[in-house]
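Step one of this worksheet: look at the structure below.
Number of protein chains: 2
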Amino acid sequence: MAHWTVGVDFGGTNIKCGLVSDRGRVAHSVSLSTRACAHPRAFVDGVGQAVERLARGAGVRTTQLRGIGVGAPGLIDRRRGVVHSLVNVSGWHDVPLAARLSRRLGARVAVDNDVNLVALGEWRFGAGRGARHLVCVTLGTGVGGGLVMDGELYRGASGAAGELGHMVIDARGPRCGCGRRGCFEAMVGTAAILRLGRRAMTNSPALRALVREAHGRLMPRLIGRAARAGDPAARSVWAEIGRRLGIGLANLVNVLNPERIVIGGGVSNNWSSFYPALVKTLRAEAMDVPGRAVRVVRTALGDHAGIIGAAVLVWNATEHH
Amino acid sequence: MAHWTVGVDFGGTNIKCGLVSDRGRVAHSVSLSTRACAHPRAFVDGVGQAVERLARGAGVRTTQLRGIGVGAPGLIDRRRGVVHSLVNVSGWHDVPLAARLSRRLGARVAVDNDVNLVALGEWRFGAGRGARHLVCVTLGTGVGGGLVMDGELYRGASGAAGELGHMVIDARGPRCGCGRRGCFEAMVGTAAILRLGRRAMTNSPALRALVREAHGRLMPRLIGRAARAGDPAARSVWAEIGRRLGIGLANLVNVLNPERIVIGGGVSNNWSSFYPALVKTLRAEAMDVPGRAVRVVRTALGDHAGIIGAAVLVWNATEHH
């Protein structure tokens, strides 16, 4: 039996490929530029070569891998291994990715939504271990979600479940990219953080100085750095983001009664800045019983969650068929 | 094998007990006043007698029933058959209801949350038939919910899942009974309908006349009657309620990707008045793929849904043990 699986995480900036052991450890990884491999043909070529390299490093052929799992940011037909469409990447319309990669590499290939795989990875090997009911939230430009319910990844009627970012929490709030008003994503995504940050700059010489150093470009991590240095204006940005996160998570707690919420994504690096306000709001806003049942934790696998989850997807697919 | 099950629906006004056939039909039913039977001891006595009467009518002893299922509006420990607490009914704190009723009647007793049982009844015999992923919403003074996911009632980590009424959709909206602002319940529950209705009265001689006939008491069904008679002010109340329902249901569609949403509860009798605005908003606000996958329908079992669901609960409990 093969002991290695390759997990592929198709991100907006990089495509990360990792060799995953049967115990969920990433032994080696390779990163490709998304820009260079964004087109389906280039993706299959680039990822194909990366998988060959990883297999060779482990002393096996690609045909000896347990399989290759791919997480992609979009709408996936998991059963047929087809990518219907991707968010922010053009050229992907009903691409039979599993079949193409499988032909190229002579190995089983499974494909699913990227955030589902982060949830799967964290649940099996990370901060979600042991939880039977889990909500995974990724914070960044987009706000994504994955749901584990009754010990299984929950995909819904058409594989689209978990779009937590497009839950309205402020019907008169700012317009979201999806067209609605006051979506969770429009309230706590990068754009919302930057909007609050720009306002904070007027009261914060420290933040203005950081932005100047960064060639005038305000980024969430600069607001994070200023907050950690004690800057009151920057701290209030994260307090407001934490409060909004608390409102949205309280909704999920009341509707789904999970035992754990795992938060990942780039913005979660500012954990200590937003967590106190998040927990305070959540405790105040969630109903008593489900509120007491839940613990909000930070991702444990970090950047590797998607890769590891992609490997778990392969294992699950193997068990089920 | 016994062919009859008794379902009990513990409502705010009445306690309904029904003799349910193996095909999910209610052969006979008995209604008790909640006020007279609100206390645990009075409940066990009143329901006990009602069950005896129903069994006698069917020519069997209570010990020959497949069992008795009870749906109660509150927090239930289903496994132990204990009612932790009820909404709007005092005197219920950790009452071992299943054990007491079972001792009284010599039959198996199962207890669960009332809206969960409406969901279960509609899913097995009503408007939710054939759906693998279902959201059930009850509209009234409170807004309740029940979730069927992957073909099973979903209860969450502590049996509290499905509190759809306490999902915030307008963070700056009216205060809810639970303390939060802009909960779904505060936006579309009876209190919200009456608030809009009172405003509508100033522009509606027709509605004012109906309220006068009702001894000055505005009720949702009067606004419904005025709307069906074509009164523009009353119609606009339901259009606004439909719009708000559409926002809340779009949230659930995006997060859970159900294939069906079943709407019940007293307020759903105004279906034709709020449905057009509901569907229009839902189509506009839900994401494409999950939006196309879902159908919003009205309860098919009406007042009997809870009774029938309570019987299904008994059957499920029997199968699992």
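Residue numbers (our numbering), protein chains in the order written: chain A, 767 to 1087; chain B, 767 to 1087.
Even glycine gets a Cβ: it sits at the ideal position worked out from N, Cα and C.
Label residue i either buried or exposed according to how many other C-beta atoms from any shown protein chain fall within 10 Å of its C-beta, with 16 as the threshold for buried.
i, result
"B:Asn854", "exposed"
"A:His969", "Strictly speaking, residue 969 of chain A in this sequence is Asn, with His absent from that position. Exposed, because fewer than 16 other Cβ atoms sit within 10 Å of the Cβ of A:Asn969."
"A:Arg1026", "buried"
"B:Gly963", "buried"
"B:Glu1085", "exposed"
"A:Glu979", "exposed"
"B:His1070", "buried"
"A:Arg921", "buried"
"B:Pro1056", "buried"
"A:Pro1024", "buried"
"B:Pro839", "buried"
"A:His769", "exposed"
"B:Thr779", "exposed"
"A:Thr829", "exposed"
"A:Asp860", "exposed"
Measuring straight from C-alpha to C-alpha, what distance separates residue i and residue j?
i, j, result
"B:Gly1146", "B:Arg1010", "Beyond the ends of chain B as shown, which are 767 and 1087, falls residue 1146 of chain B; an answer cannot be given."
"B:Gly1151", "B:Arg1001", "The requested residue 1151 of chain B is not part of the displayed model; chain B covers only 767 to 1087."
"A:Leu900", "A:Asp916", "9 Å"
"A:Thr1047", "B:Val1021", "21 Å"
"B:Gly943", "B:Ala952", "8 Å"
"B:Arg1061", "B:Arg895", "12 Å"
"B:Ala993", "B:Trp1037", "11 Å"
"B:Val848", "B:Gly837", "12 Å"
"A:Arg1058", "A:Cys783", "38 Å"
"B:Trp1168", "B:Met985", "Since the displayed chain B opens at 767 and closes at 1087, residue 1168 of chain B lies outside it and no answer follows."
"B:Val786", "B:Gln815", "17 Å"
"A:Ala808", "A:His794", "22 Å"
"A:Arg974", "A:Leu988", "10 Å"
"A:Val796", "A:Val810", "15 Å"
"B:Ala958", "B:Asp1054", "30 Å"
"A:Val826", "A:Arg1064", "35 Å"
"B:Arg789", "B:Ala1066", "15 Å"
"A:His1087", "B:Arg898", "The predicted position of A:His1087 is uncertain, since its pLDDT is 47 and thus under 50; a value taken from the coordinates is nonetheless stated next. C-alpha separation (whole angstroms): 21 Å."
"A:Gly1012", "B:Met933", "12 Å"
"B:Leu798", "B:Leu820", "13 Å"
"B:Ala937", "A:Gly939", "9 Å"
"A:Val928", "A:Leu913", "Here residue 928 of chain A turns out to be Gly, not Val, going by the sequence shown. So the alpha carbons of these two residues sit roughly 6 Å apart."
"B:Pro998", "B:Leu930", "30 Å"
"B:Thr771", "B:Asp843", "21 Å"
"B:Ser924", "A:Val884", "24 Å"
"B:Trp1081", "B:Gly777", "22 Å"
"B:Ser1034", "B:Val881", "15 Å"
"A:Met967", "A:Glu1006", "15 Å"
For a contact defined as C-beta to C-beta under 7 Å, what are the partners of residue i on chain A?
i, result
"B:Ile1013", "Val934, Ala937"
"B:Val1055", "Leu841, Ser924, Ala926"
"B:Ala1059", "Ala923, Ser924"
Run through chain B and tell me which residues come within less than 7 Å of residue i, C-beta to C-beta.
i, result
"A:His899", "Gly922, Ala923"
What does residue i touch in chain A if you count any residue whose Cβ is under 9 Å from its own?
i, result
"B:Glu888", "Ordered by position in chain A, no residue passes the 9 Å Cβ test against B:Glu888, which lies about 17 Å from the chain."
Please compile the residues from chain A whose C-beta is within a distance smaller than 8 Å of the C-beta of residue i.
i, result
"B:Asp1090", "For residue 1090 of chain B there is no data in the structure shown, the boundaries of chain B being 767 and 1087."
Counting only Cβ pairs nearer than 8 Å, list the residues of chain B close to residue i.
i, result
"A:Cys944", "Met1053"
Using a C-beta to C-beta distance shorter than 9 Å, which residues of chain B count as neighbours of residue i?
i, result
"A:Leu930", "Asn1020, Val1021"
Is any beta-carbon of chain E found at less than 8 Å from that of residue i?
i, result
"A:Val877", "No chain E is part of this structure, whose protein chains are labelled A and B."
Validate contact between the segment 1033 to 1044 of chain A and the segment 859 to 869 of chain A using beta carbons, cut 8 Å, 3 pairs | no
Contacting positions in the segment 1016 to 1036 of chain B - beta carbon closer than 8 Å to chain A = Ala1016, Asn1017, Leu1018, Asn1020, Val1021, Leu1022, Asn1023, Pro1024, Glu1025
Quick check: the segment 1065 to 1079 of chain A against the segment 888 to 906 of chain A, are there 3 or more CB pairs under 8 Å?
-> yes
Check whether the segment 1048 to 1062 of chain A touches the segment 931 to 951 of chain B, taking contact to mean three or more Cβ pairs, one atom from each stretch, closer than 8 Å.
-> yes
How do the segment 870 to 879 of chain B and the segment 831 to 839 of chain B stand: do at least 3 beta-carbon pairs fall below 8 Å, yes or no?
-> yes
Counting pairs of Cβ atoms below 8 Å between the segment 899 to 913 of chain A and the segment 903 to 912 of chain B, do you hit three or more?
-> no
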